[in-house]
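**Q** Just so you know, the sequences run in chain order Y, D and S. For what it's worth, my numbering labels the leading residue of the first sequence as 1, then goes sequentially. For what it's worth, my numbering labels the leading residue of the second sequence as 417, then goes sequentially. For what it's worth, my numbering labels the leading residue of the third sequence as 833, then goes sequentially. All C-beta atoms, glycine included, are put in the ideal place defined by N, C-alpha and C. Would you mind keeping the following structure in view while I ask a few things?
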Amino acid sequence: MLSHEQNALLTHTGPSTPMGTLLRRYWVPILFSEQLPEPDCAPVRVKVLGEKLVAFRNSEGKPGLVDERCPHRNASMFFGRNEELGLRCVYHGWKFDLEGRCVDMPSEPPESNFRNKVRLTAYPCVERGGLVWAYMGPAEHRPAFPDLEWTALPASHRFATRHIQECNWFQALEGGYDISHLHHLHRGAANLKTHSTKFEFIRSDFGFIAGNGHDVPEGTRWLASVMLMPFHKLIGRHAGPDAPIGAHIWVPIDDENCMIYSIEYHPDRPLGETEMENSKNWNYIHAELIPGTDRAVRNRDNDYLIDRALQKSGASFTGLKGFGIQDCGIQETMGPVADRTRERLGKSDSIIIKLREGMLKLLDDFAAGEPLPGMEAAAYRVRSAVFTAREGEVFGELARSKVETNAQGQSVAVSA
Amino acid sequence: MLSHEQNALLTHTGPSTPMGTLLRRYWVPILFSEQLPEPDCAPVRVKVLGEKLVAFRNSEGKPGLVDERCPHRNASMFFGRNEELGLRCVYHGWKFDLEGRCVDMPSEPPESNFRNKVRLTAYPCVERGGLVWAYMGPAEHRPAFPDLEWTALPASHRFATRHIQECNWFQALEGGYDISHLHHLHRGAANLKTHSTKFEFIRSDFGFIAGNGHDVPEGTRWLASVMLMPFHKLIGRHAGPDAPIGAHIWVPIDDENCMIYSIEYHPDRPLGETEMENSKNWNYIHAELIPGTDRAVRNRDNDYLIDRALQKSGASFTGLKGFGIQDCGIQETMGPVADRTRERLGKSDSIIIKLREGMLKLLDDFAAGEPLPGMEAAAYRVRSAVFTAREGEVFGELARSKVETNAQGQSVAVSA
Amino acid sequence: MLSHEQNALLTHTGPSTPMGTLLRRYWVPILFSEQLPEPDCAPVRVKVLGEKLVAFRNSEGKPGLVDERCPHRNASMFFGRNEELGLRCVYHGWKFDLEGRCVDMPSEPPESNFRNKVRLTAYPCVERGGLVWAYMGPAEHRPAFPDLEWTALPASHRFATRHIQECNWFQALEGGYDISHLHHLHRGAANLKTHSTKFEFIRSDFGFIAGNGHDVPEGTRWLASVMLMPFHKLIGRHAGPDAPIGAHIWVPIDDENCMIYSIEYHPDRPLGETEMENSKNWNYIHAELIPGTDRAVRNRDNDYLIDRALQKSGASFTGLKGFGIQDCGIQETMGPVADRTRERLGKSDSIIIKLREGMLKLLDDFAAGEPLPGMEAAAYRVRSAVFTAREGEVFGELARSKVETNAQGQSVAVSA
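Here it is in structure tokens:
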């Protein structure tokens, strides 16, 4: 259980909040590159971290992200004309470039220099892994783009989707590190027949490592899941050493909605049609969308199309189709922002407890001026890992080393 | 007119409010038995007195009503599996029985006794008269189930429906004791050609008796309508001494919506098809529903399908079909919670005034520790009655006696 | 930029607000006469200046406007029976006449005089120019109906429509005096090839005159647009000296919605079918409506059906069809109530700045007890005008004279 204040610290992400300030020190995915299909194409509305913004691609093909409000009189830039190297507000014709400079102000007299005094809020963007990413923090703190393995692969090697989850981002993120629910919500999802009895959650140079362990004759068998700052997860290779790797990004839209990006990738080769069949039939982490939207076909307005007969039969524990929707559905029922002052947490919730403590401590350290993890691109060269620690070996050192080693081509399947 | 404070006292029914506390000392209907058609069937969402709950029927066929939130991490029990003698949350598999005990907590280590420390809020239920009823108050104050005549009859003897009224429960209940509107809103509804000139509203051991009287040569002719605590009305037998009897229950869903149960029953024999034709054509107290919902086809979003030509013709005073919808419609237009600080009440509103005073006094007495009416099952063995009081006879004693006598097989038609 | 307080002063129009009090000193259009097609027809809901009202036409054919709430117990008079010289509430049969007197109270005893103590709020109405107008202020301050040119013409000489704009009324009104946006939002709308360099905004006996001027060899060429209190605009004759004249009325529905009446009229002859083709194809100031509603087909829920290809092609600057929808659309994107504390105003916004100052000053003067402009009917006998002021001539005197002269049959086309 948390206090109201602690719950607010973890869940509020607006511009002036502690968590919002922290999140704005990292690169944030805002949409797929293909949503801006060509130079000077139509602008697209983007809401992220509670800010209403407009994305566009300029005449040189570079993506931009600007405030939806024109600084002149607050008309929406979404209706703007995407013209030669700038977006022009249609109300009075003010035109802004990618950096937010006003490059034309035809309503003012020719001799006026008023346009030099006006700026449209603009965030720098890059494109990596088929996504456009923005940096929304102070320029002097902008980090290099992180070495997330999948963002450097050719399109043939990855399959990425996104869908809106109608609850707070941290609620969704917590689910990603809650091993305990795999036995139930996704019964059959992972070959996890053994309960974790040991729990570790340590900070690293990329973020955190969550350790779920249980005793084996040789010592302790650990699953070390990486939490890459500020909202990335890499999933273990459930289906074997040559299987695709899964990844999630949980991006706040506002405090009551988040965008979940779900990626599968193979670091070494294109993904095969057969191997993706389960994914493309929406049985795995991806969600089928209402065409033209980011909303899932199975959503809270239709009780996620729960199949009670299937649930009853036991063929599905939940009657909900797909791991992605199972997570989304059950987490949304916890409320737009889960009330963490009303919970009864047990031993199996140890990782959830430690994750919250870890993030709250990080906010404290950040406020005290300490450097944030994940500021070095190379720190992101890791994968989740499974290993055995012998008696006397400490989880921390071993885990930090294993998640790095694992990324050096050493594949490992998650099993216990 | 009431003060804002008085209006709040009558209309707020949440867990910690005075009226909410009072209402929780009585049995509350939550849904029809047939909505839980068989043992271990799918759970059903119930909202009552502002609480979000889930009803289910266990493996032994017993109904249960529990908090929608799992105490663990607040996931919805609505998506739960209704398994062998318990409802299991699908997030982490915690299973609770009818009494709210956690009977299985598979996420915790086998040696853990944590499950014994956790309770799911659960309310005891019974089934009577085709409905499931719950008691949501303190266990030590649970009364016997009241001897409401119609709840003891075979299904063949009753016809019951329910629909949502989109306003506060007390607004709907007031309408039930407002004789004056029958002359207008339901013109032709009751053969009431004479205005009431005398008004009484007295407390009894089951609740209250509302008396509307007018002079006749022999003395005063009274209609004594019973208000059975906390929200039951029995209507007089309009259509003659062998006609079915009508009843209403006004149950708060939350403070801006209530569920109206409308029942017709014959105490001595099955209801006939012909005699119910008017009811089943939605011309009487029942409302036609949008299939699969509790919402009326004629609702505020479509102006209750008012037929202006019919209203104009005079064939209907309102142009609204059915007494139930006439009540529902006009009462909803008074606002989600009628502002009783803005009214102009006349002599014909005497019963409304006395009803409010009576309920406010009851709340006072209850707060002072006095016993509530309606705690004895047998007190409910009454019916509304019509009788003549001769000069010198006091309404109170006579009315208390007549509503009891009337229930002992003595049928009487409401007429004046 | 304004302060929050100033923004509230201009935009809040409820009964007790300064602007609301001012607006209630003028005649306000509430609906088209044809919406009340015959004596004793069905009542119609009207929301204006934040008040929920009901309009009806009595047995003598006179229009009335009353509070939607019956003073008895707040039931809606919209469901009332429109009977012989009065509107009767269907709950208890209270009947009110056009003046709000209770002329029948059948629920009370015959000897009661209670009905004489009860009033339904009622506003006097007149019909002019195909519209019903109400006066919602104190009786002792009621002005004569203004001599708005188009309201005195036969139906053949005018074409009037209305549509809801989903933002504050003042936002819409500002747009009407913002000459600068014509060059952009309505590119091609007016033959305005020259930027204004001089700006005047002066008070007159009907309201204000906005002057946009630029240098010509003879002196300054001025467009003097009239703002007739409190929300009327007369547009110049764009298409030539014999073209129809356009007019707008921006009426607050509530503080986040306004009703825009758009009128075209010819003072001297019927409008021709060919000449109105552009208007009736929704390319000019009128908006195509969703049938049976006042909502535009092109609205914010569908991004005003923006045609990005058309916008891209340059054939339309906005891709939005019709000047009316271009205004409506872009102004709605500024928010339900534009935040005027966040703006960057330039020289071309001079009229906007002066308009706000003018209205704020008027509110001040009104509060200080000074008389309001527009209280004399004859003051409204003006039209917008274009004229040249020679060196030394002051805009004010000249403009006041020209807008009057122009109305005396002297037609003039707006061009620069």
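Under 7 Å between the Cβ atoms of V753 (chain D) and T427 (chain D)?
**A** yes
**Q** Quick check on the burial criterion: 16 or more other C-beta atoms within 10 angstroms. Buried or exposed for H1018 (chain S)?
**A** buried
**Q** Taking 6 Å as the limit between beta carbons, can you name the residues of its chain near L148 (chain Y), skipping five residues before and five after?
**A** Y380
**Q** Could one say the Cβ of E940 (chain S) lies closer than 7 Å to chain D's Cβ atoms, at least one of them?
**A** yes
**Q** Which term fits H836 (chain S), buried or exposed, when burial requires 16 or more other beta carbons within 10 angstroms of its beta carbon?
**A** Residue environment analysis places H836 (chain S) among the exposed positions, since fewer than 16 neighbouring C-beta atoms fall within 10 angstroms of its C-beta.
**Q** Of all the residues that make up the region 760–773 of chain D, which are near chain S by a beta-carbon distance shorter than 9 Å?
**A** R760, L761, G762, K763, S764, D765 and I768
**Q** Relative to chain Y, which residues along the region 475–505 of chain D have a C-beta separation below 7 Å, given in chain order?
**A** P487, H488, R489, N490, A491, S492, F495 and R497
**Q** Could you check which residue in D:L639, D:A550, D:V667 and D:G662 has the C-alpha nearest to that of P646 (chain D)?
**A** D:V667
**Q** At the level of alpha carbons, what is the spacing between K884 (chain S) and T749 (chain D)?
**A** 12 Å
**Q** Compute the distance between the beta-carbons of I1011 (chain S) and S1028 (chain S), then report whether it is under 7 Å.
**A** yes
**Q** For a quick check, are the C-beta atoms of Y91 (chain Y) and I351 (chain Y) less than 7 Å apart?
**A** no
**Q** When you compare the CB of V534 (chain D) with every CB in chain Y, is at least one pair closer than 7 Å?
**A** yes
**Q** If you draw a straight line from the C-alpha of D1074 (chain S) to the C-alpha of D1100 (chain S), how long is it?
**A** 9 Å
**Q** At the level of alpha carbons, what is the spacing between N1023 (chain S) and G1104 (chain S)?
**A** Because N1023 (chain S) sits at a pLDDT of 45, beneath the cut-off of 50, its placement in the model cannot be relied upon, and the following sentence gives the value as read from the coordinates. Each residue's alpha carbon lies about 23 Å from the other.
**Q** Please report the distance separating the alpha-carbon of T274 (chain Y) from that of N281 (chain Y).
**A** 11 Å
**Q** Measuring CA to CA, which of S:E943, S:F928, S:G1007 and S:C957 is closest to V950 (chain S)?
**A** The shortest C-alpha separation from V950 (chain S) is found at S:F928.
**Q** Can you list the residues of chain S that G93 (chain Y) reaches, using a CB-CB cut of under 8 Å?
**A** H1015 and H1016
**Q** In the DSSP assignment, the alpha helix (DSSP H) including L1152 (chain S) goes from what residue to what residue?
**A** Counting along the chain, L1152 (chain S) falls outside any alpha helix (DSSP H), and DSSP gives it neither H nor E.
**Q** Taking R799 (chain D) as the reference, which of D:K818, D:F782, D:D781 and D:E680 has the closest Cα?
**A** Nearest of D:K818, D:F782, D:D781 and D:E680 to R799 (chain D), Cα basis: D:K818.
**Q** Can you pull the DSSP bridge partners for P479 (chain D)?
**A** For P479 (chain D), the beta-bridge partners assigned by DSSP are D:R473.
**Q** So the alpha helix (DSSP H) H836 (chain S) belongs to, where does it begin and stop?
**A** H836 to T843
**Q** In chain D, which residues lie less than 8 Å from S944 (chain S) when you measure between Cβ atoms?
**A** G762 and K763
**Q** Would you please state the rounded distance, in angstroms, between the beta carbons of H1118 (chain S) and G1156 (chain S)? I believe it to be under 8 Å.
**A** 6 Å
**Q** Report the rounded CA-to-CA distance for P143 (chain Y) versus F206 (chain Y), giving the unit in angstroms.
**A** 12 Å
**Q** What is the DSSP secondary structure of G785 (chain D), reduced to helix, strand or coil?
**A** G785 (chain D): coil per DSSP, three-state reduction.
**Q** For V964 (chain S), which of helix, strand or coil comes out of DSSP?
**A** In the structure shown, V964 (chain S) sits in a strand (DSSP, three-state: E or B).
**Q** If you draw a straight line from the C-alpha of A1021 (chain S) to the C-alpha of H1015 (chain S), how long is it?
**A** The predicted model places A1021 (chain S) with a pLDDT of 46, which falls under 50 and marks its position as unreliable, so this point remains unresolved.
**Q** Could you work out which residue in S:R857, S:T853 and S:M909 is closest to M1207 (chain S) when comparing CA atoms only?
**A** S:R857
**Q** If contact means a Cβ-Cβ distance below 7 Å, which residues of the region 851–881 of chain S contact chain D?
**A** A874
**Q** Could you work out which residue in S:H1098, S:L1060 and S:G1072 is closest to H1080 (chain S) when comparing CA atoms only?
**A** S:L1060
**Q** Please check if any C-beta of chain D sits within less than 7 Å of the C-beta of R1127 (chain S).
**A** no
**Q** Can you round the beta-carbon distance between E140 (chain Y) and P63 (chain Y) to whole angstroms, since I take them to be within the 8 Å contact cut?
**A** The C-beta separation of E140 (chain Y) from P63 (chain Y) comes to about 22 Å, leaving the pair out of contact by the 8 Å criterion.
**Q** If you reduce the DSSP assignment to three classes, tell me which class D520 (chain D) lands in.
**A** strand
**Q** Quick check: the region 1122–1130 of chain S against the region 58–75 of chain Y, are at least 3 beta-carbon pairs closer than 8 Å?
**A** no
**Q** Can you give me the start and stop residues for the beta strand (DSSP E) that F32 (chain Y) sits inside?
**A** W27 to F32
**Q** At the 7 Å Cβ level, is R300 (chain Y) part of the contact set with chain D, yes or no?
**A** no
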